[in-house]
Structures are given as C-alpha cells and as structure tokens.
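Take my numbering: the last position of the sequence shown gets the number 157, and nothing is skipped along the way.
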Amino acid sequence: MKLIIDDRQDKLQVSEELIEKIKDIILECLDYEGYDDDYDISLSFVDNKEIHELNKLYRGIDRPTDVLSFPMLDEELDFDIELEEKSLGDIVISLERAFEQSVDYNHSFEREVCFLVCHSMFHLLGYDHDTEENTKEMREKEEYILNKLSITRE
C-alpha cells in the first residue's frame, strides 16, 4: 500500500506515530474487506476553509465538514486487467475540524483523526450511511477496526 500524504494546513502537527496508526487502519480496513494491499491512497490534511470550499464544490453543502472521500473503485470495472498502480481514492480531512470534534467528544485528537480515516476508508470501499441500516453496518465496521487496533475513546 502506498499512502501519499499532502499536509496543506499549518494549524496542527501530525506525528509520525499518528501516521503509523493511519497506515495500520488502512491496512486493517483493506484486509477486513478482503482487498489486497497494493492500492495507492491519497490523504490530504487541510483546514476548515479549504474543506468548506471542497464541500461546497463537490457536495453542494456550504459549510465545513470533517472528512471528504473520493472513491476511485467502480464495482463495474473488471480488475482482471493488470494495472501497475491501483488508486483506491482520495481522503481529505480537516485537522482543524478533527481537533474541534475531539474536544466536543472528549477524546484525543489522534483518536478522532483515526476514526475519520477509518470512516473514509469504508466510503472508499463502497459503503455509505444513507440509510439507518447502512449507518449501523458502517459504524460496526469502524468500531471493529478501531477496537482491534486498540484505538479507543479513552
């Protein structure tokens, strides 16, 4: 798995330890869903201003959000074709919003970022929370991965 990180914000620092946890989450999500680990994933860290602009542009929602997911997988594609690199998609996280939510939810900034990466990974893998049933399924998967990696609410 190749993780391409683009830190486009200057408000919060991301430790090497957090980057390692993020990689572990990505690998666990892929394994849990039966995917191999030869995908490229792009992860961008931005501030509230940039994610607000992206949210408005791509979702038509005129406010900042915590994470945006841009999946590249298409269920209709035939992956028998040998591709040198397979892109799973792009994850964009507002670290500013993640910090705000960590305070609101009374857990660590690192736990919030890990949750957002896990949440976004399941979006990249085709899941959504558009119905109550789908939301429940997604939450169970997220909690399973985070608990397996001992990333708790503290």
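Glycine included, C-beta positions come from ideal geometry on N, C-alpha and C.
Secondary structure in the stretch 36-114: the alpha helix (DSSP H) runs of 4 residues or longer, each lying completely within the stretch, are 51-62 and 98-107 in chain order.
The beta carbon of residue 26 sits closer than 8 angstroms to those of 4 and 6, all from its chain and outside the five residues before and after it, given in chain order. With 16 or more other Cβ atoms from the protein chains shown falling within 10 Å of its own Cβ, residue 58 counts as buried. Of the candidates 107, 108, 109 and 113, the residue whose Cα lies closest to the Cα of residue 96 is 113. The stretch 10-29 makes contact with the stretch 115-123: 3 or more CB pairs, one atom from each, lie closer than 8 angstroms. In chain order, 69 and 115 place their CB closer than 8 angstroms to the CB of residue 104, counting only its own chain and leaving out the 5 sequence neighbours on each side.
The Cβ atoms of residue 141 and residue 29 do not sit closer than 9 angstroms to each other. The distance from the Cβ of residue 62 to that of residue 55 is about 11 angstroms, inconsistent with a contact at the 8 angstroms cut-off. With a 10 Å radius around the Cβ and a threshold of 16 neighbouring Cβ atoms, residue 60 comes out exposed. In terms of Cα proximity to residue 147, the closest of 128, 13, 35 and 137 is 35.
In the three-state reduction of the DSSP assignment, residue 29 falls in the helix class, which pools H, G and I. Non-local C-beta neighbours of residue 102 in its own chain, meaning closer than 7 angstroms and more than five positions away in sequence, comprise 15 and 112, ordered along the chain. Following the DSSP letters along the chain, one finds residue 5 inside the beta strand (DSSP E) bounded by residues 5-10. Residues of the same chain with a CB within less than 6 angstroms of the CB of residue 144, apart from the 5 flanking positions on each side, are 125 in chain order. Collapsing the DSSP output to three states places residue 151 in a helix.
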